[in-house]
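Chains as they are written, first to last, in this note's numbering: chain A, 264 to 425; chain B, 2 to 796.
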């Protein structure tokens, strides 16, 4: 019983990587364990909690439901890639600190990637829209109130940047 | 720049790491370690007849397979009974791997170690275990009738029975002008942190030392437990809790089977081994809580004043009792809330069932207690036709009665004596916040529009800051940074910030200069753990005391250097100054240098402290007899008994007339956790606690079928609330400092959760006009209740 390995090319946070992985290797495991990008977390292994959300060609997807070989050639953005160009915290990350939008921080990477993508299309959200935007991610610590505030704050920071 | 930090809502210092993906959680460590996976019982009760591993041996990358027969010495013995109690007369614990019998679905039967987790699971699938299924005991009804038993030698399934009584409650109830009997139930739920459990072990055979990383709420106790189990001297064992992705109680249990087996395997194999729990494992094989059934007999007067309260309840402890009977003891004592019960008697039986074990989950028996007490008071109000607020006011312990002795024994074995609180003032605040007196008008308006709304209120008192102790070490480095270490652990509570605030304030340094380490036995070896809303009370005060000692030492050394009296000195912004003579000052860095007389210099700062530069008189020893080198100190905080925080929740709900869906329109919390270290963190604790309270009241329950199969062991089926289900929380604070500790802190970790089921049951009952006696409640259950009550009214 030896597994066949497949060469898989991924551009992660702008950096090209090649990994040799079995066909069943999940994208989440490939990112975490083959590429060492452990910012992406796995909370439920079946696409419900959203902690593993990464951007695949700009769109938020659950990396625990994707095979790495299935996204061969894709551009992936993880939480590590949501920093600002100068290496400091990106606007969504900064907003989470400003608004106390995290406690244990385990679910946070999935929120950061989800919100980063969503704000591109919703630059000036209402509180209600902000709450809907995060409606597919589970957090067990915060009660979401400060995550909603973080979405609004991130939108503000992004508008200031423009 | 100011050094005033206590009470300031400063941003958390741990956040930059965590928001950027630079946190280091258990599974982020140990790249290249071997992976462990477990074969777990699919049966709730069965004899294990045979474990056939032959097909698994073909799996490429397989390293080892272990069953109970492979274990040796203390590892082959049952796991420890962590909290023994005289009333727990039939306590039982599991073996790390099943020894011939399994007693719940998910119990580990075999352990596989392989090159990676995929391969380890391949091998698990190929291990054939033959079972002889036995009839399982599922649910409290089956447990108490005891037609079948969980443990052969416990014929009535009763692990523990306990009675506490003050006064003659049964006589008081019998003699009271009014009496009510109630049956009240809460179903099973679980902590379900987003990160499950995990263990990663490294055995250094040459050094004969073991380092274990565990996603735990108590690294210090895991260390002692592993040293005992594995036969390694405790000084050769280090346990580190890395970043932990939530705990909420479940990770205070230890040592888990996996927590013993992973290091054991690492030692045997001489290889690093890691196990990361998956979600299904977490739901079937970690721990649950909440499942209890209560019977209440209460006697009261015309004003609704309690004269006698007699509570008898059953607690479902699952298959084993490693964590003792802490949860039902807490229910039995904390049920009383802010009230004087008249004469009080409480009795519980803790019962075995063939289900996952039960250990504390945020609130730890208090949500059940608050539900029982608050439902009872609502029932009394309804019976007498009085306002629910009035009935509560009639029973409150008054501020001038503090400290108030209930004449009962609390979970820490100490008297149940409330230290502080102003319950009437808290009630006034929450009434005002929710608009209690204006609600009737809102209800009328809503009714006119065809809407059903209701308002609810629930109060609780929470014993926090239980002992025995915590300690802290504080050191000022020669570069001016302050390093703080405390042994208890962190799972998102912001200890790196809050404890830094305490140290900064006490020492007079900017908070940015303080770093805090928690849960790492390399840095601090003695601690109890993080649970029971105790971290801020216990380690907060220990940090304050240790920092106070460092400050005193700094002033003494600075006084010598400045030729001033220590009493004339003050520290601010990291500078020691003579009061009224601001030019006479010395930097704390320099004081740190002077505190450690050196032979060897390694930088510009330390050059200032070598033997030819400084030194006491040539006839004096460089370090005085009663002194020690370094600007550092360790101190301990050990309270005589718990502090008691309190709070009140009020909610407004709307129930859909057709679908029976419950919508929370307002959720108000007023709480008193004593002095606040960081109001932003306190608010966050309340928000998160409320979310879990709401989840437990409306959505979350663990459902077993009659075979003992957990039917919803996934996040698809166990309904944790999303942002769409959790209301916006409105908060207000009351600060009555605890007289029991120097900082006046009372703790807040569980405050948001405790009242959830009670307050929502109260509001839904109010909206619907009938009494709700069990929680959680789903729309279909509420709909069925409506039907039943409508039929009753027709008859």
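Beta carbons: idealized from backbone N, C-alpha and C, even for Gly.
Task: Close-in-space but distant-in-sequence residues of the same chain around residue 476(B) (CB under 6 Å, 5 per side omitted) - done: 484 and 633
With DSSP as the reference, please indicate the residues paired to residue 295(B) in a beta bridge.
185(B) and 314(B)
*asked:* For residue 335(A), would you say it is in contact with chain B, using Cβ-to-Cβ distances shorter than 9 Å as the test?
replied: no
query: With 9 Å set as the bound, which would you pick, yes or no: does the beta-carbon of residue 2(B) sit closer than that to a beta-carbon of chain A?
result: Residue placement at residue 2(B) is flagged as unreliable, the pLDDT there being 40, under the threshold of 50; a coordinate-derived value is accordingly withheld.
Short CB-CB distance (under 9 Å) between residue 682(B) and chain A
yes
### Message
For residue 325(A), would you say it is in contact with chain B, using Cβ-to-Cβ distances shorter than 9 Å as the test?
### Response
Taking 9 Å as the threshold, the shortest C-beta distance from residue 325(A) to chain B does not fall below it.
Check your understanding: What are the residues of the stretch 713 to 737 of chain B that lie near chain A, defined by any Cβ-Cβ distance shorter than 8 Å?
Key -> 715, 716, 717, 721, 723, 724, 725, 727, 729 and 730
Item to check | residue 222(B) - DSSP class collapsed to helix/strand/coil | outcome: In this structure, residue 222(B) counts as helix in the three-state DSSP scheme.
- Quick one: Cα of residue 351(B) to Cα of residue 165(B), how far? 15 Å
What does a CB cutoff of less than 8 Å around residue 383(B) pick up in its chain, not counting 5 residues either side in sequence?
Counting only Cβ-Cβ distances below 8 Å, and skipping sequence neighbours, we find 772.
Beta-carbon within less than 6 Å of residue 3(B)'s beta-carbon, same chain only, minus the 5 sequence neighbours each way: which residues are those? Low local confidence applies: a pLDDT of 48 at residue 3(B) is under 50, so the model's placement there is unreliable, and no value is given.
Practice task
Quick one: using the 10 Å Cβ neighbour count with 16 as the cut-off for buried, is residue 321(A) buried or exposed?
Solution key: exposed
task: Determine the contact status of residue 344(A) and residue 19(B), defining contact as a CB-CB distance below 9 Å.
output: no
**Asked** Which residues in chain B sit within 9 Å of residue 271(A), going by Cβ to Cβ distance?
**Response** The premise fails here: residue 271(A) is roughly 16 Å from chain B at the closest Cβ pair, so nothing lies under 9 Å.
Q: Can you have a look at residue 394(A) and say buried or exposed, based on whether 16 or more other CB atoms are within 10 angstroms of its CB?
A: Burial call: buried.
Checklist entry - Which residues, taken in chain order from the stretch 222 to 250 of chain B, show a beta carbon closer than 9 Å to some beta carbon of chain A? => result 244, 245, 246, 247, 248 and 249
Under 8 Å: do the stretch 564 to 573 of chain B and the stretch 492 to 506 of chain B share three or more Cβ pairs, one atom per stretch? no
- prompt: Closest by CA to residue 747(B), which one among 678(B), 517(B), 56(B) and 584(B)?
  reply: 678(B)
Taking only beta-carbon atoms, is residue 25(B) less than 9 Å away from chain A?
yes
Give the straight-line distance between the Cα atoms of residue 793(B) and residue 376(B), rounded to the nearest whole angstrom.
22 Å
Closer than 9 Å to chain A by CB, residue 194(B): Residue 194(B) belongs to the set of residues whose beta carbon lies under 9 Å from a beta carbon in chain A.
Just list the beta strand (DSSP E) runs in the stretch 603 to 646 of chain B, keeping only unbroken ones of 3 residues or longer that don't cross its boundaries, in chain order.
633 to 638
Checklist entry - What is the rounded straight-line gap between the Cα of residue 373(A) and the Cα of residue 723(B)? => result 14 Å
- Item | For residue 670(B), the nearest candidate out of 657(B), 729(B) and 645(B) (CA to CA) | Looking only at 657(B), 729(B) and 645(B), the smallest Cα-Cα distance to residue 670(B) is reached by 729(B).
Quiz prompt | Pair within 9 Å by beta-carbon distance, residue 276(A) and residue 339(A) | solution = yes
From the DSSP output, in three-state form, read off residue 64(B) for me. strand
*Is there a Cβ from chain A that is less than 9 Å from the Cβ of residue 547(B)?*
It does not: the Cβ of residue 547(B) has no partner Cβ on chain A nearer than 9 Å.
Just the C-alpha distance for residue 409(A) and residue 242(B), rounded to the nearest angstrom, thanks. When rounded, the distance between both Cα atoms is 26 Å.
Notebook entry, point to check: By the 10 Å Cβ neighbour count, where 16 or more other Cβ atoms means buried, how is residue 1(B) classified, buried or exposed?
Noted result: This structure does not reach residue 1(B), given that chain B is present from 2 up to 796, and the question cannot be answered.
Note to self: Below 8 Å on C-beta distance, what does residue 360(A) contact in chain B?
What the structure shows: 12, 13, 16, 17 and 20
Can you look up residue 760(B) in the DSSP assignment and give me helix, strand or coil?
helix
Checklist entry - What runs of the alpha helix (DSSP H), each 4 residues or longer, lie entirely inside the stretch 371 to 405 of chain A? => result Listed in chain order, the complete alpha helix (DSSP H) runs (minimum 4 residues) inside the stretch 371 to 405 of chain A are 371 to 384 and 390 to 396.
Checklist entry - Residues of chain B with CB under 7 Å from residue 308(A), in chain order? => result 279 and 280
Exercise for review: Name the residue from 417(B), 625(B) and 254(B) whose alpha carbon lies nearest to the alpha carbon of residue 360(B).
Suggested key: 254(B)
ask   = By the 10 Å Cβ neighbour count, where 16 or more other Cβ atoms means buried, how is residue 339(B) classified, buried or exposed?
value = buried
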